[in-house]
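Right, one structure below, let's go through it.
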Ligand code: PBG
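Residue numbers (our numbering): 4 to 358.
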C-alpha cells in the first residue's frame, strides 16, 4: 500500500516520491488511478470507445472477368472470386443492400487482348465499362470507383507505355485521360488513378471538366508504394506472369514518409477530391500523417497481400476471424475515413450481426 503521508494524488505524486527519497519505488499514480475501471463492462467500454467501424466506411474491391455467369476463384485470395459482367451487378447489389456504399472494380483482361500500349483500356465495351453500366442500371445509388491505369491491359504488365525499359510518363497521360473519360461516359462517378504517373490527376480533372463530367470525382492513389503486398492482386488480374521488372520507377519507396506528404499535396493541388494511402497495415503512420496534415477525405487500401495473410491464417485456424474487424478498425484509428477492402461484404455481415 502507498505511504499515508502522500496525500496529493494525482498531481505531484512523482515529485513527492522523489522528495521523500523514494525513487525506485513504484512510480506513477497507482493505486489511485486504475485504467481498468473504464474497461470493467460492456457499457462503459462502449461509452469510452474513441473510434467505431461502420459499414459506411467500406469500399468493396471486386474483380471482373469475361464470360457469362462466372464466379472464378482467385487461388491466392481464398473467398475472393472474379465476377463476369452479367453477375457483378447482382453481387454489387448484395453489398449495397448490406449497406456498403461503394464498389471498386478491377478487370482480368484476356491475355489475347493485351498490347504494349494497353489499347483495350480505351474500348468503351471493355470489361470495366460494361460492368459500370450494368451496376449503374441495377444499383444506381452505389458509388462506383474505377482504377485508371494501364497495367490490366498491357502485355508487359506496367502501368504506362514503355520505350525500352523506361515507363513513359507524358505519353501515358494521354491514354489515361481517355480511359477516364470512357469510364465517366459509362457512368462511373469516381475515377481513381492508380498508376503514380506525375500530373495525371490534373490531366484527368481537366478532361472531365472539359467534357461535361465536372461532378465526377477523383479518388487519387496519392501515396502508393512499390510494395510486395500486391502479389495476389496481380494473380487476380493476371499481370503477375506478364510483369517485366518492378514498379519502383513510379511507385514510392517504402522507406519514405515526407515524400508521401509531397505527393498528397500535389494531388490536392491538381484537383483530387479524396486521397488514398496504399497498402494499409504497414503504412498506418502515413495514414495518420496525411489526415493530420491535410484534413482531406482520406482512404486506405487494405491490399490483396493483407487480405491473403489474414484470410489464410483464419482459414488455418491460426488466427481468430476477429482479426478482420480489428484490422479495419485500426485504419479508422489511424485517421482513415474509409477503407478499400476485399473483406467489405464479409465485414458488413459481421457488423450487422453485432448490431
Ligand atoms: C494497378 C493496381 C494495383 C493494385 C490496385 N491497382 C497493383 C499494382 O500497382 O501493381 C493493388 C491492389 C491490391 O494488391 O489489392 N495499378
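A virtual CB, placed ideally from N, CA and C, is assigned to each residue, including glycine.
Length of the line joining the Cα atoms of residue i and residue j
| i | j | result |
| --- | --- | --- |
| residue 112 | residue 169 | 23 Å |
| residue 11 | residue 41 | In this prediction, residue 11 has a pLDDT of 48, which is less than 50 and means its spatial position is unreliable; nothing more can be read from the coordinates. |
| residue 2 | residue 76 | In the structure displayed, the chain extends from 4 to 358; residue 2 sits before or after that span and is not available. |
| residue 197 | residue 37 | 47 Å |
| residue 177 | residue 128 | 20 Å |
| residue 336 | residue 201 | 30 Å |
| residue 154 | residue 241 | 10 Å |
| residue 219 | residue 74 | 30 Å |
| residue 4 | residue 39 | The predicted model places residue 4 with a pLDDT of 48, which falls under 50 and marks its position as unreliable; any figure quoted below should be read in that light. Cα to Cα, the separation comes out at about 18 Å. |
| residue 287 | residue 319 | 26 Å |
| residue 179 | residue 48 | 48 Å |
| residue 2 | residue 63 | Given a span of 4 to 358 for the chain in the structure shown, any question on residue 2 remains unanswerable. |
| residue 78 | residue 252 | 29 Å |
| residue 272 | residue 345 | 30 Å |
| residue 338 | residue 61 | 14 Å |
| residue 263 | residue 292 | 9 Å |
| residue 306 | residue 120 | 26 Å |
| residue 144 | residue 244 | 37 Å |
| residue 45 | residue 358 | 14 Å |
| residue 238 | residue 159 | 14 Å |
| residue 347 | residue 32 | 43 Å |
| residue 131 | residue 51 | 44 Å |
| residue 65 | residue 103 | 13 Å |
| residue 236 | residue 315 | 15 Å |
| residue 189 | residue 59 | 25 Å |
| residue 161 | residue 171 | 10 Å |
| residue 289 | residue 334 | 11 Å |
| residue 151 | residue 349 | 26 Å |
| residue 355 | residue 100 | 11 Å |
| residue 233 | residue 87 | 22 Å |
| residue 211 | residue 223 | 14 Å |
| residue 125 | residue 352 | 36 Å |
| residue 56 | residue 310 | 18 Å |
| residue 249 | residue 215 | 37 Å |
| residue 343 | residue 34 | 43 Å |
| residue 13 | residue 323 | With a pLDDT of 46 at residue 13, under the threshold of 50, the modelled position of that residue is not reliable, and the figure given next carries that caveat. The straight-line gap from Cα to Cα measures roughly 39 Å. |
| residue 175 | residue 246 | 17 Å |
heavy atom of the ligand PBG below 7 Å from residue i C-beta
| i | result |
| --- | --- |
| residue 314 | no |
| residue 349 | no |
| residue 198 | yes |
| residue 306 | yes |
| residue 243 | no |
| residue 258 | no |
| residue 117 | no |
| residue 249 | no |
| residue 156 | no |
| residue 150 | yes |
| residue 236 | yes |
| residue 233 | yes |
| residue 162 | yes |
Limits of the alpha helix (DSSP H) - the one that residue i falls within
| i | result |
| --- | --- |
| residue 344 | Note, residue 344: premise wrong, no alpha helix (DSSP H); beta strand (DSSP E) at 341 to 344. |
| residue 76 | Premise fails: residue 76 lies in the beta strand (DSSP E), 74 to 76, not in any alpha helix (DSSP H). |
| residue 88 | 88 to 100 |
| residue 247 | Element bounds for residue 247: n/a, residue is neither H nor E. |
| residue 324 | Neither: residue 324 is in no alpha helix (DSSP H) and is coded neither H nor E. |
| residue 45 | 45 to 51 |
| residue 355 | 347 to 357 |
| residue 160 | No alpha helix (DSSP H) holds residue 160; DSSP gives it neither H nor E. |
| residue 235 | 234 to 239 |
Endpoints, beta strand (DSSP E) assigned at residue i
| i | result |
| --- | --- |
| residue 305 | 301 to 305 |
| residue 258 | That residue, residue 258, is in no beta strand (DSSP E); it is neither H nor E in DSSP. |
| residue 61 | 61 to 68 |
Heavy atom of the ligand SAM within 7 Å of residue i beta-carbon
| i | result |
| --- | --- |
| residue 75 | For the ligand SAM, the structure offers nothing, since it holds only the ligand PBG. |
Practice problem: Determine contact between the region 198 to 209 and the region 173 to 184, defined as no fewer than three beta-carbon pairs at a distance below 8 Å. | Solution: yes
Quiz item: Whole beta strand (DSSP E) runs in the region 165 to 227 with 3 or more residues, listed along the chain?
Solution: 193 to 196, 220 to 227
Practice problem: Give, in chain order, every unbroken run of the beta strand (DSSP E) that is at least 3 residues long and sits entirely within the region 104 to 151. | Solution: 105 to 111, 146 to 151
Quiz prompt | Inter-stretch contact at 8 Å, needing at least 3 Cβ pairs: the region 92 to 105 / the region 129 to 144 | solution = yes
Quiz item: When the Cβ atoms of the region 213 to 227 are set against those of the region 278 to 287, are three or more pairs found closer than 8 Å?
Solution: yes
Self-check item: Contiguous alpha helix (DSSP H) assignments of at least 4 residues, all confined to the region 268 to 301
Solution: 287 to 297
Quiz item: Does the region 255 to 268 come close enough to the region 287 to 306 to have 3 or more Cβ pairs within less than 8 Å?
Solution: yes
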